[in-house]
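*Asks:* So the sequence shown is residues 55 to 158, counted in our numbering. Even glycine gets a Cβ: it sits at the ideal position worked out from N, Cα and C.
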Amino acid sequence: RMAPTEELMAYIRREGEQLRAQHSGLGLVSTTLEKLGRRRLFGARVELQMSGGRLVAKARAEDPHDALQSAFRIVERSARERVDRRRHRRLRARFTVRGLVPVS
Numbered sequence: 055r056m057a058p059t060e061e062l063m064a065y066i067r068r069e070g071e072q073l074r075a076q077h078s079g080l081g082l083v084s085t086t087l088e089k090l091g092r093r094r095l096f097g098a099r100v101e102l103q104m105s106g107g108r109l110v111a112k113a114r115a116e117d118p119h120d121a122l123q124s125a126f127r128i129v130e131r132s133a134r135e136r137v138d139r140r141r142h143r144r145l146r147a148r149f150t151v152r153g154l155v156p157v158s
């Protein structure tokens, strides 16, 4: 693991705040950034605790900011899809026809 710069820390905070603003019920947002091996490659991991479970996104890039940006985009898309699936299930359950009544 590596110590991020102030610029990266500000980016992480800003992205975390945006996720919280977009998704109610969001718990912990955990971010890890590490240099991978001796090559100039960075790995980013973003984990979200949401109602109904946990989402984890991983990304690699030669630039630490790019790795973080990719991981945040992946986890944001996954969170949006999870919320949409729940909304769709609730709507489908609400509009399920239980039986037909004959019309006279």
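#1: Do residue 99 and residue 110 have their CB atoms nearer than 8 Å?
#2: CA-CA distance, residue 134 and residue 78?
#3: Give the single residue among 62, 138 and 137 whose Cα lies nearest to the Cα of residue 86.
#4: Grab me the residues of residue 141's own chain with a C-beta within less than 8 Å of its C-beta, minus the 5 sequence neighbours each way, in chain order.
#5: Given a threshold of 16 other Cβ atoms within 10 Å of its Cβ, counted over all protein chains shown, does residue 64 qualify as buried or as exposed?
*Replies:* With the structure as the only source:
#1: yes
#2: 11 Å
#3: 62
#4: none
#5: exposed
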